[in-house]
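Data first, discussion second: the structure below is written as structure tokens.
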Amino acid sequence: MQDKIPSRIIHVYSPPAGQSKELSLLHKAALANARALHPNFEHVLFGSDEMEEFVRKEFPEFRAAMASFPRRIQRFDFFRYLAVYRLGGFYFDLDVLLARSISPLLNHACVLSFEELTLNQFLRGSYGMDWEVANYGFGAAPQNAFIGALIENCVRFVTEPSWGDKMMQGVPRPIRDVVLVPFTTGPGMVSRTLAENPHLAKDVTILFPEDVCNEHTWHQFGNFGIHLQQGVWRSNHGYARRRLANLWESWMRWRLHRESRARGKSRSLPLTRAVGVQKPQVITEMLEAQSRVVHSRG
């Protein structure tokens, strides 16, 4: 089994039904950017048909699980893990712009990037993990054990709902569907897998900023590139729910950021368990009351 990341960059493009299959200018720029900086890499672009064929050939045992995810973006999250597990290489969203070659990272077995300080109370309370890692860009050797564990956890989310629901601790019911994706197949699930598998985490390289509390350093792939966060998957939720989710996130960000600053600028593995975060009952009750008002008006 290869223990280093191969020179390969993987992208996925699958627009929703009814939308143009033509790449946007941003997506074309991201592809051109990655290819120009990495002329000696193999570049793989999966469209909808290629994704379906890849899963059919390489992972027939996961076809049912993939179809079971309630959100389209969850299936794309799951697919990127499958593609990297089988092929090896780096995956990047099509709104990631690289500033320099990622070749120095090829000597590692698995590379993840710090995303931001997390709002997830299960991670904070159960593992003392007040930060999370990203899934917009990551790399691994083929058949990497950590990516394999991540795939298993994604499948477990659809086969064992009570296990997956733990990630929703402290989230007001009116907005749970809004945070479902990042907490269950996105950064939250990658971070949970990292926290629950310390024997695998020791072989994972994480690109941390100098100061994890400095929001200007969030959503960057180390000093190699930046994530523009152009994803529109949240737009599928109604305005009222998005507004409530933004209110909850802003309040929680203010509250938990103070707690994180007290822990200092740097983070590392292994994790050290900290005191759990209490459920913010006041904000929860306020949001649920606002939600009832919104529904009554509707």
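Residue numbers (this note's numbering): 17 to 314.
The C-beta atom is built at its ideal place from N, Cα and C for all residues, glycine as well.
Per DSSP, I26 is not a residue of any alpha helix (DSSP H); the beta strand (DSSP E) it occupies stretches across R24 to V28. By the beta-carbon neighbour count (other beta carbons within 10 angstroms, threshold 16), L41 is exposed. In this model, Q246 and V112 are separated by some 9 Å (Cα to Cα). Between S142 and Q18, the alpha-carbon positions lie close to 33 Å from each other. Out of Y29, F224, H43 and D146, the CA that lies nearest to the CA of R208 is found in D146. Note that the segment 150–164 touches the segment 111–127; at least 3 beta-carbon pairs, one per stretch, sit closer than 8 Å. Minimum Cα-Cα distance from W179 among the listed residues T200, A83 and P86 corresponds to T200. Cβ-Cβ distances below 6 Å link F237 to S129 and G153 in the same chain, with the five nearest sequence neighbours on each side left out; the list follows chain order. Straight through space, the alpha carbons of A81 and K281 are spaced by roughly 39 Å.
Looking at the DSSP output, F108 shares a beta bridge with G153. For P214, the CB contacts under 8 Å within the same chain, skipping 5 residues up- and downstream, are L285, P286 and L287 in chain order. For F138, no beta strand (DSSP E) encloses it; the enclosing alpha helix (DSSP H) starts and ends at Q137 to Y143. L196 and P32 have their C-alpha atoms spaced approximately 19 Å apart. In this structure, A115 lies near G241, with their beta-carbon atoms less than 8 Å apart.
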